Amino acid sequence: MNFRTLKILLSKEIRLMKRNPFIPRIIVAMPLMVMLVLPLVANMDVKNVGIAVVDNDCSELSRRIIADMDASEFLSVNSCEFTYKNALQMMENSNADAIVVIPDGYSKNLAGGDMPKLEIDANGVNATKGMLGANYAAQSVISTLAQWQTENGIELTASSGSVMNYFNPTLNFRNYMIPALMVVLIIIICGFLPTLNLVSEKESGTIEAMNVTPVDRFTFVLSKLIPYWIVGLLVVTVGMIIGWLVYGLDPVGNITDIYLAAVLFSLVMSGLGVTIANKSETILQSIFMMFAFIMIFQLMGGLFTPIASMPQWAQYFTYAVPPRYFIEIMRSVYLKGAAISDLLPQYMALSGFAIAFCIIASITYKKRA
172 MNFRTLKILL
182 SKEIRLMKRN
192 PFIPRIIVAM
202 PLMVMLVLPL
212 VANMDVKNVG
222 IAVVDNDCSE
232 LSRRIIADMD
242 ASEFLSVNSC
252 EFTYKNALQM
262 MENSNADAIV
272 VIPDGYSKNL
282 AGGDMPKLEI
292 DANGVNATKG
302 MLGANYAAQS
312 VISTLAQWQT
322 ENGIELTASS
332 GSVMNYFNPT
342 LNFRNYMIPA
352 LMVVLIIIIC
362 GFLPTLNLVS
372 EKESGTIEAM
382 NVTPVDRFTF
392 VLSKLIPYWI
402 VGLLVVTVGM
412 IIGWLVYGLD
422 PVGNITDIYL
432 AAVLFSLVMS
442 GLGVTIANKS
452 ETILQSIFMM
462 FAFIMIFQLM
472 GGLFTPIASM
482 PQWAQYFTYA
492 VPPRYFIEIM
502 RSVYLKGAAI
512 SDLLPQYMAL
522 SGFAIAFCII
532 ASITYKKRA
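Residue numbering for the sequence shown follows the working numbering, beginning at 172 and increasing consecutively.
And the structure:
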């Protein structure tokens, strides 16, 4: 490879990127749109869960339990009923997502050292809201009982249980999404844009002039990809800065681990993009082919849906989806503070995909006279 030739071609590519009315705008707009809009839209947090309470105890403690649930940002006590039938009617009419039944003599049994159980029923029509709402209600009751127990100096014979949320104590879904959204930035910048760039030169015929020169294909393809690799790292940096300034989320682990994963995934997407460009004759063809891969990557990579929640056959399929490993690395480094030694299988998988796609890209690219 002639480095002087590569330097000249890189200078040419940078000038073309600056003159292109589309590329500079999308480089600036993409991290802003993805990091500012998607965490607000793609949000699985459930708030304002309607609770119907059946208070059979009518004690000071039961009123405190109800007040604490109503004060929660996730719960809203819509009504207090005297019979379970009325509360069930509210759920059937979609006016309540969960029912909390406080049994008769609840506070007296607690004062005696016993731990009677509350009955919490969830609305299964909206399974997500019902299940999360029931969990929120249970956690609110546990918190209230813990405070009440401390204030009254009572030791219960059976623990009401406690939940400790590691790595994301607030259970904020944005903390789960923001690290993974970096995958969208790299897919667009390092995969989609280089593909369009190469195919546009095919359509305009300028690539034919390059094909008849002594420039080898490796140098030519490298000159096309290096600017987008650099821009991809800059975009990831901007994404991390936005996550820190806007959402207060910064990586617990080492930032260099993030950049290493970003470089490997950039190679993966660049290799895939060049392969698609080599097999496409028009921009429309490349857009459709790239869009198909992007949809699979986003749906099967664990970006929006946890892989553990997928069917077993789909979980096996995700091992062939490169974004799976990049997303696992990003979330582990961001939230757990994991190191490269902890994520060695993921890094090795990304490296394998990068080598494979780059080899395929170089094989499928043919110089035509």
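Glycine included, C-beta positions come from ideal geometry on N, C-alpha and C.
Predicted model only: the values in this text are computed from it and were never measured.
Pick out whichever of the options has its Cα sitting closest to the Cα of residue i.
{"i": "Leu435", "options": "Ser230, Val355 and Phe497", "result": "Phe497"}
{"i": "Glu252", "options": "Ser265, Ala223 and Asn266", "result": "Ala223"}
{"i": "Val417", "options": "Val386, Met204 and Ala510", "result": "Met204"}
{"i": "Leu369", "options": "Tyr347, Glu452 and Ser233", "result": "Glu452"}
{"i": "Trp319", "options": "Ser480, Leu281 and Val402", "result": "Leu281"}
{"i": "Val445", "options": "Ala433, Met460 and Trp415", "result": "Met460"}
{"i": "Ile412", "options": "Met353, Gln517, Ser230 and Leu177", "result": "Met353"}
{"i": "Asn346", "options": "Ile273, Met206 and Leu187", "result": "Met206"}
{"i": "Ile358", "options": "Ser230, Ala258, Ser437 and Leu187", "result": "Ser437"}
{"i": "Gly419", "options": "Ile500, Pro274 and Ile349", "result": "Ile349"}
{"i": "Tyr255", "options": "Lys288, Leu514, Asp292 and Ala351", "result": "Asp292"}
{"i": "Gly410", "options": "Ala433, Ala525 and Gly523", "result": "Ala433"}
{"i": "Thr377", "options": "Ile401, Leu187, Ile237 and Val212", "result": "Leu187"}
Give me, in chain order, the residues of the same chain whose beta-carbon lies closer than 7 Å to that of residue i; leave out the 5 immediate sequence neighbours on both sides.
{"i": "Ile530", "result": "none"}
{"i": "Ser311", "result": "Asp239, Met240, Ser243 and Leu246"}
{"i": "Leu367", "result": "Ile454 and Ser457"}
{"i": "Gln517", "result": "Tyr496, Glu499 and Ile500"}
Can you give me the Cβ contacts of residue i inside the same chain, cut-off strictly under 6 Å, excluding the 5 residues immediately before and after it?
{"i": "Asn294", "result": "Met262, Asp268 and Gly301"}
{"i": "Phe528", "result": "Val439, Gly442 and Leu443"}
{"i": "Thr489", "result": "Met471, Ile478 and Arg495"}
{"i": "Gly304", "result": "Val220, Asp268 and Ala269"}
Do residue i and the ligand NAD come close, with the Cβ less than 7 Å from some heavy atom?
{"i": "Val248", "result": "No copy of the ligand NAD occurs in the structure displayed, which carries no ligand at all."}
Report the CB separation of residue i from residue j in whole angstroms; it is logged as a contact under 8 Å.
{"i": "Arg235", "j": "Thr321", "result": "Not really, about 13 Å apart at Cβ, beyond 8 Å."}
{"i": "Leu158", "j": "Ile194", "result": "No answer is possible for residue 158: the residues shown for the chain start at 172 and end at 540."}
{"i": "Cys361", "j": "Gly403", "result": "4 Å"}
{"i": "Val492", "j": "Phe468", "result": "6 Å"}
{"i": "Leu356", "j": "Met201", "result": "6 Å"}
{"i": "Val272", "j": "Leu289", "result": "7 Å"}
Output needed for residue i: all residues of its chain with C-beta closer than 8 Å, excluding positions within five of it in sequence on either side, in chain order.
{"i": "Asn266", "result": "Gly221, Ala223, Asn249 and Ser250"}
{"i": "Ser333", "result": "Note that Ser333 has pLDDT 47, beneath the 50 cutoff, so the model's placement of it is unreliable and no number is given."}
{"i": "Ser182", "result": "none"}
{"i": "Leu546", "result": "Here the chain comprises residues numbered 172 to 540, so residue 546 is not present and cannot be evaluated."}
{"i": "Ser278", "result": "Asp228, Ser230, Glu231, Leu232 and Ser233"}
Task: Unbroken stretches of the alpha helix (DSSP H), 4 residues or longer, contained in the segment 244 to 330 - done: Whole alpha helix (DSSP H) segments, 4+ residues: 255 to 263, 277 to 282 and 298 to 323.
Open item on the list: Assess contact between the segment 470 to 478 and the segment 385 to 405, defined as three or more Cβ pairs (one per stretch) separated by less than 8 Å. Is contact present?
Closed with: The segment 470 to 478 makes no contact with the segment 385 to 405; the number of CB pairs closer than 8 Å stays below 3.
Task: Those runs of the alpha helix (DSSP H) which lie wholly inside the segment 333 to 403 and span at least 4 residues - done: Under the rule that a run must span 4 or more residues, the alpha helix (DSSP H) segments found entirely inside the segment 333 to 403 read 344 to 348, 353 to 357, 364 to 375 and 377 to 382.
Task: Sufficient close CB pairs (3 or more, under 8 Å) joining the segment 478 to 487 to the segment 376 to 387 - done: Between the segment 478 to 487 and the segment 376 to 387, the count of C-beta pairs closer than 8 Å stays below three; the two stretches do not touch.
Open item on the list: Which runs of the beta strand (DSSP E) at least 3 residues long sit entirely within the segment 411 to 451? Give them in chain order.
Closed with: Qualifying beta strand (DSSP E) stretches: none in this window.
Open item on the list: Is it the case that the segment 504 to 520 contacts the segment 418 to 428, given that we only count it when at least three CB pairs across the two stretches are under 8 Å?
Closed with: Between the segment 418 to 428 and the segment 504 to 520, the count of Cβ pairs shorter than 8 Å is three or higher; the stretches touch.
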